[in-house]
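Reviewing the structure listed below.
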Amino acid sequence: MNTPFWESNVTTELRGTSQSPAVSEKAKREARAKREREAKAKREREAKVKRDRVAKAKREREAKAKREREAKDKREREDKRKRNDKDRKPRHSSTPRPSASPTPTRSVPPSTSAPATSSTPTAEPTRTTLPSSTRSSGDDDGQPRDYDSQADFSSHQMQQGTPETEHWQDPHYSVSLDVSNRDLRFPDGEEFRMWVFDSEESGRGFPGPTLRPKEGEIFHAYVEPSMGPHTIHWHGMEPDPRNDGVGHTSFEIDDHYTYQWQAEPGRAGNPNYGAAGTYFYHCHVNTPLHAQMGLLGPLVVDPVVLADFPVSAGNRRAFADGPEYDIETESLIMPFSIDRRWHELGHAAGLSGEDVGLNRFEPTHFYITGGLLNSRREREGAVWAPSELPVNVIGNGKAPTLMRLLDGNYLPNKLTFYHPDGSPARIAELISHDGRPFRHSASQYGVAIPTSMHEDPKAHLFTHMLSMGAAERYDILLHPEVSGTYIMVMNWNNWITGARVGRKELRLVAS
Amino acid sequence: MSEKYPSPVERASVLQESSQEHLLNRAKVLKLGAATGFGVAVGLAARSAPAVASSSIRAPRAVPAAVEPIPGVLDLYINEGYTKMVDDSLVYQRGFGDRPSNLGDKNPSLRIVPKIFGRDGSVTESRSYPLDAVKPVAGTPLPAGPDPANPGQYFIRRNYWASYFPQRTIIAETGSKIRIRVFNRLAGTHELTFAQTGHGRVDLGTGPIAPGGEALLEFDAPYPGTYIYHDPTNAPVQRVMGLFGALVVLDPEDAWRVSPGQAGFERQWLWITHAICTTWTGIEAAGGTVDQDKYPAVPRYFMLNDRSGYEALGHSPDRANNLAAHEESLVSGYPRQIDIRDFGEDLTLGTIRAGQMVRLVNAGIAYHQIHFHGNHLWTVRRNNVEWPREFGKVDEDGHVALQQWEDVVELPPMDRKDCMIPMKRPPDATDKVWYARTEDWGYPMHCHAEMSQTAAGGLYPGGLVAHWELKAPLTEG
């Protein structure tokens, strides 16, 4: 099809270069694919050798780095104490800081559910700084610099080889992740070139390995990407910027880095605390492309166990003061869709200003990925996707089934549950969104009871239909009243018109 | 002073010259633009249209010039012009401007400096509101002082700081009457409509205004909240063309709440999102009418308060732009201890335990997924309807109506949501890291419908982005 005349309205050199004949583009793609196939075996061999080498060297480096950090922390503490002794006028806020603790304990705000208050403020701080037009930190050159253009900014995100994990603590939960590429076969038989996060145990599959720390635990993820600079953003987790995994607010990892954070523990009846819930992690470099290429994986934070909320055998709570669910039938469901054109692009496609069409996501393949969390078997080449899911029917003697919905897709999704007879099934109870429970919060400083724990049935958020979009998560309890096969229909909609562009079904076998 | 749009003859000569340069690059455009007084931009528009269509549609006509202002009446001029995108491309846009301007103007008036309709019948131009409140330097409210019981956190001033608003903003105090004269200076029929501002949430508007015509629109300020004004002609095409803005209605006697009895805040932010499809702008620039079935929208640029990418983030070489981005868009403040069960708490004289309110407005055409790093947001209202704090529901479209935490806020086209960013200590930072903090902590905000993170098909993160900052601990004295 000829280019409409009006598309010349925007005149850039990029547009000219993007108008090569279709035939030529096809030939280029085929040639590129051939080159990539030939290089594939070599890359995989090299990657394996590198992984082996990395695995061996990693522990040595980590041990060394840890020793250095501890020594540095100790020096800093001593220096600071000496400075404070000399200088009676504080340079920063006079707010007290707790002494460093050698164990990964976590001090908590005042134990009352209400924020503590004190006398009328006396200090009158002054600060009149204006924002600077320049970056104060280094970029890939390691030097401060201006950004002259968007292309300059896009192609010069800060990269650091081996950034330091500041204030290192011994982890309760740690994982080592690499970035790899390989062709993966999806349930419909289609094969795509994917980039994936993989651990030593997981093999290269999609999505990345499931990570599952608990509230209060120090979490570590050692990341040594072998395919150019990457990051990991822990979507929904909220650590300091260095551990948030975004290039333009911290750094991209050129060699290796250990992310560190600590999921905030929940408190009974308090809507201001607690991280237990469903999250995901993804690369935040050239994000539209890297996430679509497959650089994402599920992250589930389990709650602390509170004395007033014991847990029965075989069960877990969705959050500290939340409902129990049946571990065996707990699932994670992630809608995902693929635009094959994107999977032919390179790591830094578009960053220098070339029009690579990343504003056009036109998927032709739609998938319901995920499955039972407790029985996921991560292995080389596996695409995790369910054919059907078991669900506990009300009264079968087990706790309800929990389904964790994670939207790994770029388009709006709408899902609907149907009874075995095809009528809409109001069996889904929404209990959490984006890692935070739905609660009643009308009572000032009173107990903010979770909707899912309320004695009044009208408080519970039941539905047969749910709308959700990119990166959202919902945790839902399923309450089928009778045995049989229910159907969950997942629709993908156009992000402009709202028209349906894809549809998949998943059988839910209630017994 | 505006530069004059060339006559059809002049355009023709530009067309002939430029027709040999099918692949004018951006640098050439800018050089030629400088040499010819922006004539090149005009030439591009002419070149993109058949000569016949161009001459007929762009034929000289009587257009309203600046008029004598009437006290208490806001004059809006429907203008056209070329706007620089974040990749330095020039894209044809229309807009409701403050003054008459022409297509070839270097600085066409396509969006207004914020205006305020007062209860006293006045119309005041001001980037900040309340008018007598203290303007925060670089947009960042300073705290009242440290909160001794919560180390590293601060008391927040109550009813103290003004908020900056972006261009396109109209503020109306409750009890005021909104009076607007609209002058259509374009070749096609246009209109001005304020969506859902009438009784029963009906739209109020001028109706169609013929080319060269004018209309007067008067209505009482509606219920406090956030509304979209736009040209509904061939919707959503004219919004993509730039004919949109936002109306914020506030109670002047309770100006630090989104509505009476609702969440109080330290300061507020108005984020207007917008997307531009250059196929559509090209058709309209050439005098055509977009057939949406034949040419589905493919947005190419994505904005927040009319900025994208590094310009939205305040990283451009333009210091004035960067400062304005900080004042209007880049949320910042000092950490505080809050409880979302009561944002209006006033336990210490002159302070409030509340965050900052972000009014999210989608005047564009894409389904956005507004994602904040660092803090979840507490959503209190959608489309000026308060969500309950208890006994919520799942509506008929599968959305939850209950005040809740979100780290991704759905924002379909024409939707508005009021969300509190608590500006609390990032909950998953370790104690050691938090208590050692000496620098600002900056976090990204971006749309997770990732196509919107691009500009011109690439250039990540060149689209709908922002960031927010927890400012570093203060030095006393």
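Listed in order, the protein sequences are those of chains A and B. Under the numbering used here, the residues of the first sequence are numbered 1 to 511, in order. Under the numbering used here, the residues of the second sequence are numbered 1001 to 1477, in order. Even for Gly, the Cβ is constructed at its ideal location relative to N, Cα and C. Note that the structure is a prediction, hence the values are computed from the model and not measured.
- Message: What does the Cβ neighbour count give for Pro-1166 of chain B, buried or exposed, with the cut at 16 atoms within 10 Å?
- Response: Note on Pro-1166 of chain B: 16 or more other CB atoms within 10 angstroms of its CB, so buried under the neighbour-count rule.
- the segment 226–243 of chain A touching the segment 1422–1437 of chain B, judged by at least three CB pairs closer than 8 Å: yes
- Query: Distance, Cα to Cα, Gln-1196 of chain B vs Gly-1207 of chain B?
  - Reply: 15 Å
- Task: Could you spell out the range, first to last residue, of the alpha helix (DSSP H) harbouring Ala-151 of chain A?
- Result: Per DSSP, the unbroken alpha helix (DSSP H) holding Ala-151 of chain A starts and ends at 150–155.
- Query: For Ile-1228 of chain B, does the count of other Cβ atoms within 10 angstroms reach 16, so buried, or fall short, so exposed?
  - Reply: For Ile-1228 of chain B, the number of other beta carbons within 10 angstroms of its own is at least 16, and it is reported as buried.
- Message: Phe-309 of chain A and Ala-268 of chain A - do their beta-carbons sit closer together than 8 Å?
- Response: Yes, the Cβ-Cβ distance between Ala-268 of chain A and Phe-309 of chain A is below 8 Å.
- Task: Could you tell me which chain A residues have their CB closer than 7 Å to the CB of Val-1433 of chain B, listed as they occur along the chain?
- Result: For Val-1433 of chain B, the chain A residues whose Cβ falls inside 7 Å of its Cβ are Glu-166, His-167, Asp-240, in order along the chain.
- Item | Proximal residues of chain A, C-beta to C-beta of Phe-1391 of chain B below 7 Å | Lys-458, Ala-459
- Message: Is the beta carbon of Trp-195 of chain A closer than 8 Å to that of Gly-294 of chain A?
- Response: yes
- Task: Could you have a look at His-454 of chain A and say whether DSSP puts it in helix, strand or coil?
- Result: DSSP places His-454 of chain A in coil when its eight states are reduced to three.
- Task: Can you tell me which of the three DSSP states Ala-369 of chain A falls into?
- Result: The identity of residue 369 of chain A in the sequence shown is Thr, whereas the question assumes Ala. Thr-369 of chain A: strand per DSSP, three-state reduction.
- Message: Between Ser-441 of chain A and chain B, is any beta-carbon pair separated by less than 8 Å?
- Response: For Ser-441 of chain A, the answer is yes, since a Cβ of chain B falls inside 8 Å of its Cβ.
- Kindly indicate which three-state DSSP category Ala-116 of chain A falls into: helix, strand or coil? Reliability of the predicted coordinates at Ala-116 of chain A is poor, the pLDDT of 41 falling under 50, and no value is obtained from them.
- Item | Residue-level contact to chain A via CB, Val-1408 of chain B, 8 Å cutoff | yes
- Message: For a cutoff of 8 Å on Cβ pairs, would you count Phe-438 of chain A as touching chain B?
- Response: yes
- Is DSSP giving Tyr-147 of chain A helix, strand or coil here? coil
- Please check if any C-beta of chain B sits within less than 8 Å of the C-beta of Asn-237 of chain A. Rather than Asn, the amino acid found at residue 237 of chain A in this sequence is Met. With 8 Å as the cut-off, Met-237 of chain A counts as an interface residue toward chain B.
- Item | Nonlocal neighbours in the same chain, by C-beta distance under 8 Å from Asn-286 of chain A, ignoring five residues either side | His-347, Ala-348, Ala-349, Gly-350, Leu-351
- Task: Output yes or no for whether 8 Å exceeds the beta carbon distance between Leu-1076 of chain B and Leu-1192 of chain B.
- Result: Pairing Leu-1076 of chain B with Leu-1192 of chain B gives a Cβ-Cβ distance under 8 Å.
- Message: Check this for me: beta carbons of Glu-388 of chain A and Val-304 of chain A, under 8 Å apart or not?
- Response: no
- Query: beta strand (DSSP E) containing Leu-332 of chain A: first to last residue?
  - Reply: 331–338
- Contact with chain B by Tyr-222 of chain A, beta-carbon distance below 8 Å: No, Tyr-222 of chain A does not count as interfacial toward chain B.
- Residues of the segment 1062–1076 of chain B whose Cβ lies closer than 7 Å to any Cβ of chain A, in chain order: Here the close residues number zero.
- Query: If you draw a straight line from the alpha carbon of His-306 of chain A to that of Asp-321 of chain A, how long is it in whole angstroms?
  - Reply: Before going further, note that residue 306 of chain A is Leu rather than His in the sequence given. Their Cα atoms are separated by approximately 7 Å.
- Task: Pick helix, strand or coil for Ser-1452 of chain B, following the three-state DSSP scheme.
- Result: helix
- Message: Can you pull out the residues from the segment 352–366 of chain A whose beta carbon lies closer than 9 Å to at least one beta carbon of chain B?
- Response: Ser-352, Gly-353, Glu-354, Asp-355, Val-356, Gly-357, Leu-358, Asn-359, Arg-360, Phe-361
- Item | Proximity below 8 Å, CB of Trp-1387 of chain B to CB of Val-1380 of chain B | yes
- Task: Indicate whether the contact test is met: 3 or more Cβ pairs, each with one atom in the segment 365–374 of chain A and one in the segment 1412–1424 of chain B, closer than 8 Å.
- Result: no
- Put Ala-1466 of chain B into one of helix, strand or coil per three-state DSSP. strand
- Consider the Cβ of Met-490 of chain A: report whether some Cβ of chain B lies at a distance smaller than 8 Å. no
- For Asp-1087 of chain B, which of helix, strand or coil comes out of DSSP? coil
- Message: Can you tell me which residues form a DSSP beta bridge with Ala-1246 of chain B?
- Response: B:Thr-1169, B:Ile-1228
- Item | Gly-422 of chain A versus Ile-487 of chain A - alpha carbon distance | 8 Å
- Looking only at DSSP bridge pairs, what is Thr-463 of chain A linked to? A:Ala-428
- Message: I'd like to confirm the pairing. Which residues does DSSP put opposite Gly-1264 of chain B in its beta bridges?
- Response: B:Arg-1257
- Item | Per-residue DSSP class, three states only, for Ala-1138 of chain B | helix
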